[in-house]
Amino acid sequence: PIKSSAASDVYKRQGDLSGCTGIGEEGTLYAFSSLKNYMYYAVDNTVYRIDLSVSPLEAERQFALNGETITCLKFNLYRESANASRSYDLVVGSVDGAGKGILRVYEGLESEGDFSSVTPEKYTGFARIVDATYRERNN
601 PIKSSAASDV
611 YKRQGDLSGC
621 TGIGEEGTLY
631 AFSSLKNYMY
641 YAVDNTVYRI
651 DLSVSPLEAE
661 RQFALNGETI
671 TCLKFNLYRE
681 SANASRSYDL
691 VVGSVDGAGK
701 GILRVYEGLE
711 SEGDFSSVTP
721 EKYTGFARIV
731 DATYRERNN
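Under the working numbering, the residue at position 44 of the sequence shown is numbered 644, and the numbers go up by one with no gaps.
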């Protein structure tokens, strides 16, 4: 990585993403881990991971949600120390063929950001999910 000239600790990396499956297509969603050097993206029902620290940049399929369309892909940053390890978790919202929203949370700390074999926490009974935020309790 090349350190930018900005006053903050921001790093910039350039690379060719043209070989990454479906990237840049209409409807593609993106999520960047601020704790790992990975970029995740979703095309239709499939999530891919790109390790930004290697060259050439290649997409690695993480998982597919058959019969669903992914509508939300993100990481939440938690402030409370009791929830700090959850900042590695990937949050995925989707909608099934009947229009019902499903929220999944994929554990990321133990899996080192490789969600391909993670069984997510699954929550149902929503409308179409476009964003999800976890409200921490202040004790």
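Note that the Cβ used here is the ideal one computed from N, Cα and C, for glycine as well.
(request) Please list, in chain order, all residues of the same chain as A727 whose beta carbon is under 6 Å from its beta carbon, the five residues on each side excluded. (result) G701
(request) Identify, in the order they occur along the chain, each residue of the same chain with its Cβ nearer than 7 Å to the Cβ of L754, setting aside the five sequence neighbours on each side. (result) An answer regarding residue 754 cannot be provided, because it is not within the stretch 601 to 739 covered by the chain.
(request) Express the C-alpha separation of G622 and R737 in angstroms, rounding to a whole number. (result) 39 Å
(request) Using DSSP bridges, identify the partner residues of Y638. (result) Beta-bridge pairing links Y638 to D651.
(request) Alpha carbon to alpha carbon, how far is E707 from E626? Give it in angstroms, no decimals. (result) 28 Å
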